[in-house]
Amino acid sequence: MSEFPPKEVQLLVTEISGILRLRNQTLGVSEAACGGLISAYLVSVPGASNFYIGGKLVYSLKQRLKLSGWSDSDISHYMGPSEEVALRLARTTKYELGSTFVLSETGYAGPGTDLHLNDSIKVKENNGSEVGTVFLGLHGPNLEVSTTKRTTSQVRALNMAQFAKFALEFLLEQLKAQ
14 MSEFPPKEVQ LLVTEISGIL RLRNQTLGVS EAACGGLISA YLVSVPGASN FYIGGKLVYS
74 LKQRLKLSGW SDSDISHYMG PSEEVALRLA RTTKYELGST FVLSETGYAG PGTDLHLNDS
134 IKVKENNGSE VGTVFLGLHG PNLEVSTTKR TTSQVRALNM AQFAKFALEF LLEQLKAQ
């Protein structure tokens, strides 16, 4: 069995953990394309319960409706993953969990970009995104920031792992800037 999490991810999580614990701050996560991998990475470090308060996996649009305060209108006008969606997920999760920060992600892990929406929801385009695109959001005190990252892979599992690493790098960068 290969090392879990990978060494470079262990280093990121250890540094994130140290910063949050030193500042007595907490973190929540809202995941979609990563399928819970960010949370798994975060709880892999000893003492994670001192900073990580939980997260949610909102993989389907139906779950976003139930778990993230999306209305039927929001769902019917959904245009696919975007930075705006990542920020909205971060905002609603921060409200629900009460953590200092919420890190969120949504994207296209692959193998395609078909959103598998029902016929009542028409998506005109997927905002130009391709497989390997992830949108990240971070919401916290006096902070709301987002970014878009891309891999060169078409392989779902590889993209999920890279998306999670991108998310942790993004979080660490923002924490250091505070």
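Numbers 14 to 191, taken from the numbering used here, label the letters of the sequence shown in order.
Glycine residues also receive a C-beta, built at the ideal position from the N, C-alpha and C atoms.
Exposure label - residue i; buried when at least 16 CB within 10 Å
| i | result |
| --- | --- |
| glycine 60 | exposed |
| threonine 27 | exposed |
| isoleucine 134 | Bear in mind that the predicted position of isoleucine 134 carries a pLDDT of just 45, short of 50, making it too unreliable to give a figure here. |
| threonine 165 | exposed |
| asparagine 172 | buried |
| tyrosine 108 | exposed |
| glycine 111 | exposed |
| phenylalanine 17 | exposed |
Closest Cα partner of residue i within the set the options
| i | options | result |
| --- | --- | --- |
| valine 115 | Arg101, Gln187, Leu151, Arg34 | Leu151 |
| glutamate 143 | Glu28, Leu40, Gly93 | Gly93 |
| leucine 102 | Asp127, Pro18, Ser73, Thr126 | Ser73 |
| glutamate 96 | Lys178, Lys69, Tyr121 | Tyr121 |
| leucine 70 | Asp127, Glu182, Thr105, Leu24 | Thr105 |
| asparagine 155 | Leu50, Thr113, Cys47, Leu55 | Thr113 |
Expected contact under 8 Å - CB spacing of residue i and residue j to nearest Å
| i | j | result |
| --- | --- | --- |
| serine 30 | valine 58 | 5 Å |
| glutamine 167 | proline 124 | 6 Å |
Delimiting residues of the beta strand (DSSP E) encompassing residue i
| i | result |
| --- | --- |
| glycine 150 | 146 to 153 |
| valine 168 | No beta strand (DSSP E) holds valine 168; DSSP gives it neither H nor E. |
| valine 42 | 40 to 44 |
Separation of residue j from residue i, as counted between CA atoms
| i | j | result |
| --- | --- | --- |
| arginine 169 | leucine 149 | 17 Å |
| glutamate 118 | serine 62 | 21 Å |
| glutamate 186 | threonine 146 | 19 Å |
| leucine 35 | glutamate 44 | 25 Å |
| alanine 174 | serine 86 | 32 Å |
| glycine 41 | valine 22 | 18 Å |
| glutamate 157 | leucine 100 | 7 Å |
| serine 15 | threonine 161 | 28 Å |
| leucine 181 | leucine 25 | 7 Å |
| serine 52 | tyrosine 65 | 9 Å |
Proximity test, residue i beta-carbon vs the ligand MN heavy atom, cut-off 8 Å
| i | result |
| --- | --- |
| phenylalanine 179 | In the structure on display, the ligand MN does not appear, and there are no ligands present to speak of. |
Extent of the continuous alpha helix (DSSP H) to which residue i belongs
| i | result |
| --- | --- |
| glutamate 118 | Here glutamate 118 belongs to no alpha helix (DSSP H); instead the beta strand (DSSP E) covers 114 to 121. |
| glycine 31 | 20 to 36 |
| tyrosine 108 | 96 to 110 |
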